[in-house]
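In our numbering, the protein residues as written are 78 to 601. For glycine and all other residues, C-beta sits at the position ideal for the given N, C-alpha and C. None of these values were measured; they are calculated from a predicted model. Right, one structure below, let's go through it.
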Amino acid sequence: MVVHKMNRLLFGSEELTQYYRTMREKIFEYKLYRAYQLEENSQFISMTFFNFYRYKRNLKTGKISAYYFNLKSNKWYKARLNEAIYHFARFSSLPDLMPLKNHNMLMAMIDMMLPKLQKFVDYDKRYSTYDRLAWRMNRLGTSTVNKALQRLILKYAQLNNQLAGHSKYITKFIWRHFIDKSVFSYLIKIKGFTTYFHFSDYIYIHNHLEKVKRVETEYPNLLPLLKYFPAKHWDDPNLFSFDYWTNECAIRELNRIAKIHLPGMTKKQWRWLKKQSPKFIAQWSGQELSCLVECGIQEKIPVCVKIFVIRLSDSFDTFGAQKIRIIRLFILHMLNVWQEQGFRALQHCLKNVANQVIDMADYWRAIGYRGGIPQSWERIVERSNAWHRQYLLEQQQAQDEEHQAQLALQWESPIMVWEEANVLVTALNNGKALFDEGQIMRHCIFSYAHRCAEGKYLAFSVIERDENQIEIARSTLGIYRDIHHHTWEIEQHRGVCNGYISQKLMKIGKKFCQQLNLLSISNH
């Protein structure tokens with residue numbers, strides 16, 4: 078029995094005191110502090126978290142189901158697996174597990190459980206107005222109380238300072254009793270390997286396993302394309318037929334169900350795609366294939382080179398009508414590196430050449446076809462580097478009207494300031510900020526001023542500091558608007574003099590880009 082000091086005022090207000098005690102009472106009434114219960118018997122295996130979420134596997138059928146507890150009806154309900162835009166499917170009523178990266182699993186469940194509990198105690202009716210005015214009145218809100226409730230749950234669940242160990246134990250239980258290696262291998266073939274794979278994706282594949290096996294039998298290398306279509310279409314016998322992918326009317330119908338925009342193809346392009354390795358197809362996401370199919374190279378092109386071309390297709394698009402010619406020179410250069418220096422040298426070269434392609438796109442936007450196209454990739458790179466050096470020199474000397482007009486340009490950024498793990502991301506939302514960044518970092522970010530003003534590009538200054546707030550690393554993040562998929566994508570993330578940056582800053586940049594896309598989705 079839990080005894081409260083009923084006369085004591087908590088959190089500086091009667092409203093928050095009442096809110097805390099009501100929430101606490103429900104936590105103990107429904108035993109929501111029980112972190113997890115793992116159960117095995119002859120019929121099923123189950124995992125119950127905080128008496129609120131449950132995963133169950135039927136040993137006879139192998140089927141996995143998820144459930145959530147409804148406080149109002151005092152009953153368990155089966156959670157529905159909903160189709161998702163960027164994933165196979167997600168549960169709407171319970172948090173998703175990530176069996177390869179679960180160190181925050183239990184905290185995530187508490188975070189999702191508390192809003193459900195809030196709704197049960199009539200938060201909207203009784204406390205939302207108080208909460209909304211809290212910042213104006215300079216007083217605490219329910220978010221502070223929720224943190225106290227989190228600590229309360231962790232205390233009675235006896236999880237303090239042991240979250241990682243418990244999460245590791247649960248993860249082992251999941252792999253031992255819930256995940257079938259053969260089903261997991263299909264998930265890897267379709268989505269590619271990632272430490273962020275979700276349990277809901279595994280359940281989705283498991284539920285549609287027969288359809289996946291049929292596609293594997295007929296089109297084994299096209300399995301990765303399944304991730305772009307809802308499962309109800311996986312058993313369509315014409316899903317990978319010539320008519321669906323090469324007929325103009327059919328491709329419009331296909332785009333209505335696909336999660337990406339699929340381009341119209343010629344029969345030659347579709348035959349070419351069907352012959353490609355699963356590695357290439359896993360990386361292909363609707364880019365035009367004419368640049369690879371019609372480049373006129375008869376020699377075998379390494380898969381990593383083809384993947385590189387489609388990954389940087391937006392940068393190659395800058396070359397317009399000369400795109401195929403430029404890509405041909407690039408591939409010939411890569412083939413020469415491969416044949417003369419070996420595969421390891423080719424991989425190293427591809428890592429370095431990505432920045433060259435993006436720099437050449439900047440050069441081409443400024444110069445265009447006026448200078449002609451040289452006969453070798455090396456010569457194009459030389460011209461691009463020379464233009465960049467000249468551009469930086471002109472930047473330092475320019476005082477003309479056009480320069481001043483660019484400095485005066487201004488634009489809006491969806492996120493002005495964002496911080497994560499001692500890394501501060503700040504929007505560069507005017508021409509002067511871009512110019513200063515270019516001078517400090519010694520690169521040509523200022524040349525993007527007009528693209529930024531047109532809403533096609535965003536630039537950010539990224540600064541990492543240590544515990545004493547001393548700057549230890551700095552970079553510039555460039556993000557462009559993908560007009561086909563209506564998303565923000567990272568074009569470049571560079572250090573001083575367009576140098577490389579740490580893995581930490583690279584991950585922070587990707588996470589920030591995800592936040593931009595989430596904000597765009599919520600605004601629409």
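Here Ala143 carries a strand assignment [DSSP, helix/strand/coil]. Here the alpha carbon of Leu264 sits roughly 45 Å from the alpha carbon of Ile517.
Of all alpha-carbon atoms in Lys193, Ser220 and Ser552, the one lying nearest the alpha-carbon of Leu93 is that of Ser220. Of the residues assessed, Ser390 falls on the buried side of the cut-off, its CB having 16 or more other CB atoms within 10 angstroms. Ranking Gly445, Lys581, Ile567 and Leu86 by CA distance to the CA of Gln592 puts Ile567 first. With a cutoff of 8 Å on beta-carbon distance, Ile358 and Leu299 are scored as near each other. Proximity of the stretch 133-142 to the stretch 274-292 meets the contact definition, three or more beta-carbon pairs being nearer than 8 Å. If you check the CB distance, His520 and Arg571 come in under 8 Å. Here Asp201 is not bridged, per DSSP, to any residue. For Ala510, no beta strand (DSSP E) run applies; the uninterrupted alpha helix (DSSP H) run containing it begins and ends at Gly508 to Met518, by DSSP. Residue pairing by DSSP puts Gly555 in a beta bridge opposite Ala536 and Gln569.
In the DSSP annotation of this structure, the continuous segment of the alpha helix (DSSP H) that includes Thr221 starts and ends at Thr219 to Tyr233. Taking every protein chain shown into account, the CB of Val458 has 16 or more other CB atoms within 10 angstroms, so this residue is buried. Counting of Cβ neighbours within 10 angstroms places Val494 among the exposed residues, the total staying below 16. Considering only Gly515, Leu183, Asn545 and Gly508, the residue with the shortest C-alpha distance to Cys529 is Gly508.
At least 8 Å separates the beta-carbon of Tyr145 from that of Ala161.
Between Ala225 and Tyr130, the C-beta spacing is not below 8 Å. Sorting Lys356, Lys245 and Glu91 by C-alpha distance to the C-alpha of Arg203 places Glu91 at the top. Cβ atoms of Cys372 and Arg405 come within 8 Å of each other, at about 4 Å.
Asn506 sits away from Arg542, with the two beta carbons spaced by 8 Å or more. Excluding five sequence positions before and after Trp212, the CB atoms of its chain that fall closer than 8 Å to its own CB belong to Gly218, given in chain order.
For the 8 Å CB-CB criterion, Glu548 and Ile560 do not form a contact.
Arg134 is classed as buried because its beta carbon has at least 16 other beta carbons within 10 Å across all chains shown. A straight-line Cα-Cα distance of about 11 Å links Pro297 and Gln353. Taking all protein chains in view, the Cβ of Ser119 is surrounded by fewer than 16 other Cβ atoms within 10 Å, so the residue is classified as exposed. Per DSSP, the beta bridge partners of Met124 are Leu115 and Tyr132. Each residue's CA atom was taken as its position, placing Leu86 and Gln95 some 9 Å apart. About 5 Å separates the CB atoms of Val434 and Ser392; that is less than 8 Å, so the two are in contact. By the CB criterion at 8 Å, Leu484 and Phe512 fall inside the cutoff.
Counting the other Cβ atoms within 10 Å of the Cβ of Leu470 gives fewer than 16, which makes it exposed.
Its Cα nearest to that of Trp361, the residue Leu339 stands out among Gln375, Ala398 and Leu339. Cβ atoms of Phe276 and Leu171 stay farther apart than 8 Å, at about 10 Å. In the DSSP assignment, Asn462 forms no beta bridge with any residue. Straight across, the Cα-Cα distance linking Met342 with Glu325 is about 9 Å. As a beta-bridge residue in DSSP terms, Thr503 pairs with Val494 and Ser538.
Lys344 is positioned such that its CB atom lies closer than 8 Å to that of Phe319.
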